[in-house]
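Taking my numbering, the leading residue of the sequence shown gets 14, the next gets one more, and so forth.
A virtual CB, placed ideally from N, CA and C, is assigned to each residue, including glycine.
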Amino acid sequence: MSCQTSQEQRESLLRLQATLHEELAQERSLQLDAKRLLQEKEVCKLLQKQVSHAGVHGTALECCRPASKRLTVAVAAALGPKASSLLVDSHALALKCIEYLKTARLGSCEFLPIETLRQKQLRGGGEDTEEEEGGTLLPPPPADALPPGCRWAVDCVSFEDRFRHVYQFLLSDCLIVPSLAVARELRFGRAHASVEKYRLVTLDGEKLQRGGVIAFDLGGLTGRLAARWEAQQQDRLLERVEKVREQLQALEHAEVGVRGDAGGNEGRERERRKKRRGEGTKKGETHGEKARKEKLHVSEGNRKGGEERAERTETSGEQGTEKMMKQREDNGI
Numbered sequence: 014m015s016c017q018t019s020q021e022q023r024e025s026l027l028r029l030q031a032t033l034h035e036e037l038a039q040e041r042s043l044q045l046d047a048k049r050l051l052q053e054k055e056v057c058k059l060l061q062k063q064v065s066h067a068g069v070h071g072t073a074l075e076c077c078r079p080a081s082k083r084l085t086v087a088v089a090a091a092l093g094p095k096a097s098s099l100l101v102d103s104h105a106l107a108l109k110c111i112e113y114l115k116t117a118r119l120g121s122c123e124f125l126p127i128e129t130l131r132q133k134q135l136r137g138g139g140e141d142t143e144e145e146e147g148g149t150l151l152p153p154p155p156a157d158a159l160p161p162g163c164r165w166a167v168d169c170v171s172f173e174d175r176f177r178h179v180y181q182f183l184l185s186d187c188l189i190v191p192s193l194a195v196a197r198e199l200r201f202g203r204a205h206a207s208v209e210k211y212r213l214v215t216l217d218g219e220k221l222q223r224g225g226v227i228a229f230d231l232g233g234l235t236g237r238l239a240a241r242w243e244a245q246q247q248d249r250l251l252e253r254v255e256k257v258r259e260q261l262q263a264l265e266h267a268e269v270g271v272r273g274d275a276g277g278n279e280g281r282e283r284e285r286r287k288k289r290r291g292e293g294t295k296k297g298e299t300h301g302e303k304a305r306k307e308k309l310h311v312s313e314g315n316r317k318g319g320e321e322r323a324e325r326t327e328t329s330g331e332q333g334t335e336k337m338m339k340q341r342e343d344n345g346i
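Here's what the structure looks like:
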């Protein structure tokens, strides 16, 4: 019993060890990919700063995005290693960038000169081998030759119109199909001979090359490219959220300013009304004071008139008394 328990523990530990080694390998792969991505961004920024800001546009992965989320893995598989290639305006600019990288000892980089690719005959012949991904300009496949759910890879990504020739160069030789079974039917079925020159990529990232080689790399380059895309889309969303937040803040500040101006105008209007009321009150008080003064003046005049009449009456009375006394004296009374 003890031996059996020990054996079970040993097997459990071995399974755990294998799982941990697998997780460690994935973590190291992610770290290497993150380091590689950081280097790509740094190289791109450095070339934009030192060589040409307007002429260096970013990697093929950064300059496009899948038409829908369900196409992310398929488009990443279709781009393959060329997803890390830098888009530049011209062949001459690419040479300048290479010379700078050599002088600065910054490693290697692949460039896609837009003008050179534009000069190629649109959807013309190819120069690649059977196993090379991209590099062949092909026309869209005939719609009646494709089963339901199959799409031309160029139609599965969105990009600026100035980059159209780049993505036709990278993806026009590729079809995205629903499953590996459909891919095998298209590749080996006689009814679909018209699409034999195209690479076939499934929604799960499986690749069926023109020579019949089948590849699947979801945990490797394809998976990392898809993860980068999702991270970039999240960054774009966060940037949009931040821009909207800044616009809202600016709008709120503007509204506060308008309310402040309106409040200031209302305050000034209240002050003017108050001032007018004060002037009216003061004017009313002035008229009232004048009326009171006139009333007092009239009263004072009446009082003085009464006193004068009283004095005259008194004087007249005294004079009458004196006159009566004199008459009595004259009469011998």
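Within 8 Å, strictly: CB atoms of residue i and residue j
i    : j    : result
L221 : V179 : no
S185 : T215 : no
L119 : G68  : no
V170 : Y113 : no
A196 : V88  : no
H104 : T72  : no
L74  : S97  : yes
F176 : I111 : no
C77  : L99  : no
V190 : G162 : yes
Y211 : L188 : yes
V208 : A267 : no
G218 : F229 : yes
Q181 : L213 : no
H70  : V101 : yes
P94  : T85  : no
Cross-strand partners of residue i (DSSP beta bridge)
i    : result
A228 : K220
S171 : R78
G162 : According to DSSP, G162 bridges with nothing at all.
T72  : L99
Alpha helix (DSSP H) segment containing residue i, residue limits
i    : result
L106 : H104 to A117
V88  : T85 to L92
L130 : I127 to Q132
Closer than 8 Å to chain D by CB, residue i
i   : result
T72 : The question asks about chain D, but that chain is absent: this structure has only one protein chain.
Which of helix, strand or coil DSSP assigns to residue i
i    : result
G120 : coil
V195 : helix
H66  : coil
L264 : helix
L151 : coil
T18  : helix
L29  : helix
E209 : coil
I346 : With a pLDDT of 48 at I346, under the threshold of 50, the predicted position of this residue should be treated as unreliable, and no value is reported.
D141 : Bear in mind that the predicted position of D141 carries a pLDDT of just 49, short of 50, making it unreliable; the figure below should be weighed with that in mind. The answer is coil: DSSP assigns D141 none of H, G, I, E or B.
E24  : helix
Residue span of the beta strand (DSSP E) that contains residue i, given as start and end
i    : result
L213 : R212 to T215
V179 : Careful: V179 lies outside any beta strand (DSSP E), inside the alpha helix (DSSP H) at R177 to L184.
L99  : L99 to V101
V190 : C187 to V190
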